[in-house]
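Q: So the sequences go chain by chain: A and B.
As numbered in our numbering, residues -19 to 134 make up the first sequence, in order.
As numbered in our numbering, residues -19 to 134 make up the second sequence, in order.
Structure incoming, see below.
There are 2 protein chains.
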Amino acid sequence: MLMGGHDHHLHRGDALREAARERLTGKGEQWTAMRESVFASLAGFDRPASAYDIAEAVSTALGRRIAANSVYRILDLFVASNLAIRVESANAYVANQHPGCLHDCIFLICDTCGQAKHIDDDALSGGVREAASKAGFEASRPVIEVRGRCGDCA
Amino acid sequence: MLMGGHDHHLHRGDALREAARERLTGKGEQWTAMRESVFASLAGFDRPASAYDIAEAVSTALGRRIAANSVYRILDLFVASNLAIRVESANAYVANQHPGCLHDCIFLICDTCGQAKHIDDDALSGGVREAASKAGFEASRPVIEVRGRCGDCA
DNA sequence: TGGGCGATGTGATATTGTAACTTCGGCACT
DNA sequence: AGTGCCGAAGTTACAATATCACATCGCCCA
């Protein structure tokens, strides 16, 4: 799972949830039961999940109906806090595996199975930022995604 | 408007429409009045336009109601034929200024004014494809977009 | 005790995207 | 001319995604 000699702060399961909690509380935000549920649900998917997917999963987990807009609120917070990343070309979200580090991530999304692989390549993303800058553009959020077919589905 | 010594096949107005027509007919597809209207409308926007924006513009231009799903059908065809490109992070479309050439384009989308600037950088997009390939992924459609603030809005 | 405030609940609605089926119009063949 | 085919476009319905406005709850604290 490790890419390109990049081995810091990669979390799973409880450790990931704990890292997320620390990250959020470190920014002065609360780590509530609802937020924990949403994060756990998001992290439990093996592919990008829509807000509605998450709403349904959380509803099942908690045994009561959670509306999508509550999930959106929390996802927006997560994205702003780098706990989650929005996959634009899939209208969906994934949990960030290393919430403490800022990266412009690159996603490889399989059109066949729907799985998304996350890679970091600071040279590439830096190049994109630089190209934007050269065009007189102040880049705040690069979106680099590749649609195609993953190795398993090839 | 020209970027990086890239000066081929850049069209505007009637010339662009003509290039689009040739491209489409060259692929064995028809260039109908409806498709021409949709293309003209799309090309007339100075920023990415949603299918509904286009449906409304075409409806006004033709004096009768055109449903969004008709526009979607045509936009899908345009995208498949490289006459238009979908801006994933904006759920919108732009006309391709040089429909004859295949590029993995890069869009700089201003969060303030909504304008999108199109740049080509084959080194960058090639790097993205290569990175995907190294990860065992068969890239069919890279999506490289940068959200931020344009020079005019800075 | 009650006022402020952030988080969440709730209902409504807007926007974006698809599906299924019908109708239209040209074209080839008879 | 009549007939059948086929792609384009029309029409209706619906699904999926996203936002808005406002009510409520719990907590801190003045």
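Glycine included, every Cβ here is placed at the ideal spot set by N, Cα and C.
#1: Which stretch, first to last residue, makes up the alpha helix (DSSP H) that contains Leu22(A)?
#2: If you measure beta-carbon to beta-carbon, which residues of the region 96 to 113 of chain A are closer than 8 angstroms to chain B?
#3: With three or more beta-carbon pairs closer than 8 angstroms as the criterion, would you say the region 70 to 77 of chain B touches the region 74 to 94 of chain A?
#4: For a cutoff of 9 angstroms on Cβ pairs, would you count Ala(-5)(B) as touching chain A?
#5: Using a C-beta to C-beta distance shorter than 9 angstroms, which residues of chain A count as neighbours of Cys130(B)?
#6: Closer than 8 angstroms by C-beta to Ala119(B): which residues in its own chain qualify, once you throw out the five before and the five after it? Chain order, please.
#7: If I follow the unbroken beta strand (DSSP E) through Lys97(B), where does it start and stop?
#8: Residues in its own chain within less than 8 angstroms of Ala47(A) by CB, not counting five upstream and five downstream?
#9: Candidates Gly128(A), Val59(A), Leu57(A) and Val18(A): which alpha carbon is nearest Thr40(A)'s?
#10: Quick one: grab the DSSP three-state call for Ala29(B).
#11: Would you identify the three-state DSSP class for Gly(-15)(B), choosing helix, strand or coil?
#12: By how many angstroms is the C-alpha of Glu(-2)(B) removed from the C-alpha of Leu63(B)?
#13: So, under 8 angstroms CB-CB, Ile54(B) and Arg3(B) are touching, yes? Tell me the CB distance rounded to an integer number of Å.
#14: For Pro122(A), go through chain B and note every residue whose CB falls closer than 9 angstroms to its CB, in chain order.
#15: Taking 9 angstroms as the threshold (beta carbon to beta carbon), is Glu(-2)(B) in contact with chain A?
#16: Since Ala134(A) meets chain B, which of its residues come closer than 7 angstroms, beta carbon to beta carbon?
#17: Tell me the DSSP bridge mates of Ile65(B)?
#18: Tell me which same chain residues have a C-beta within less than 6 angstroms of the C-beta of Thr92(A), skipping the five on either side of it?
#19: Taking 7 angstroms as the limit between beta carbons, can you name the residues of its chain near Leu42(A), skipping five residues before and five after?
#20: Going by C-alpha distance, which of Gly6(B), Arg1(B) and His98(B) is nearest Arg27(B)?
#21: Quick one: Cα of Arg121(A) to Cα of Val59(A), how far?
#22: Against Leu88(B), what residues of chain A qualify as contacts under a CB-to-CB distance less than 8 angstroms, listed in chain order?
#23: Opposite Glu(-2)(A) in the DSSP bridges: which residues?
#24: Is Ser69(A) close to chain B? Criterion is C-beta to C-beta, closer than 9 angstroms.
#25: Examine chain B for any beta-carbon lying closer than 9 angstroms to the beta-carbon of Asp137(A), and answer yes or no.
#26: If you draw a straight line from the C-alpha of Leu(-4)(B) to the C-alpha of Thr12(B), how long is it?
#27: For Ala29(A), which residues from the same chain have a beta carbon less than 7 angstroms from its beta carbon, with the 5 sequence-adjacent residues on both sides left out?
A: Taking the geometry as given:
#1: Counting along the chain, the alpha helix (DSSP H) containing Leu22(A) begins and ends at Ala13 to Gly24.
#2: Against chain B - using a Cβ distance shorter than 8 angstroms - the residues of the region 96 to 113 of chain A are Lys97, Ile99, Asp101, Ala103, Leu104, Gly107, Val108, Arg109, Ala111 and Ala112.
#3: Judged by Cβ distances under 8 angstroms, the region 70 to 77 of chain B makes no contact with the region 74 to 94 of chain A, as fewer than three pairs qualify.
#4: Judged by the 9 angstroms Cβ criterion, Ala(-5)(B) is not in contact with chain A.
#5: Near Cys130(B) (Cβ distances below 9 angstroms), the residues of chain A are Ala115, Gly116, Phe117 and Glu118.
#6: Contacts found: Val108, Arg109, Ala112 and Ser113.
#7: Taken as a continuous stretch (DSSP letters only), the beta strand (DSSP E) holding Lys97(B) covers Ala96 to Ile99.
#8: Counting only Cβ-Cβ distances below 8 angstroms, and skipping sequence neighbours, we find Ala35.
#9: Taking Thr40(A) as reference, the option from Gly128(A), Val59(A), Leu57(A) and Val18(A) with the minimal CA-CA separation is Val18(A).
#10: Ala29(B): strand per DSSP, three-state reduction.
#11: At Gly(-15)(B) the pLDDT is 38, less than 50, meaning the model places this residue with poor confidence; the figure from the coordinates comes in the next sentence. Note: Gly(-15)(B) maps to coil in three-state DSSP.
#12: Between Leu63(B) and Glu(-2)(B), the alpha-carbon positions lie close to 11 angstroms from each other.
#13: Contact between Ile54(B) and Arg3(B) does not hold, since the beta-carbon distance rounds to 14 angstroms and is not under 8 angstroms.
#14: One finds Ile124, Glu125, Val126, Arg127 and Gly128 in chain B with Cβ atoms closer than 9 angstroms to the Cβ of Pro122(A), taken in chain order.
#15: Not one chain A Cβ lies under 9 angstroms of Glu(-2)(B).
#16: Ordered by position in chain B, the residues that pass the 7 angstroms Cβ test against Ala134(A) are Glu118.
#17: Note: Ile65(B) is bridge-paired with Val74(B) in the DSSP secondary-structure output.
#18: Setting aside the 5 residues that flank it on each side, Thr92(A) is surrounded in the same chain by Arg129 and Cys133, each with a C-beta closer than 6 angstroms to its C-beta; the list follows chain order.
#19: Within the same chain, and ignoring the five residues on either side of Leu42(A) in sequence, the residues whose Cβ sits closer than 7 angstroms to its Cβ are Ser17.
#20: Answer by Cα proximity: His98(B).
#21: Cα-Cα distance, rounded: 11 angstroms.
#22: Here the neighbours are Ala112, Ala115, Phe117 and Ala119.
#23: According to DSSP, which records beta bridges pairwise, Glu(-2)(A) is partnered with nothing at all.
#24: Judged by the 9 angstroms Cβ criterion, Ser69(A) is in contact with chain B.
#25: The displayed coordinates of chain A run from -19 to 134. Any statement about residue 137(A) would go beyond what the structure contains.
#26: The C-alpha of Leu(-4)(B) lies about 16 angstroms from the C-alpha of Thr12(B).
#27: The beta carbon of Ala29(A) sits closer than 7 angstroms to the beta carbons of Leu22, Ala72 and Tyr73 from its chain, once the five residues preceding and following it are set aside; these are given in chain order.
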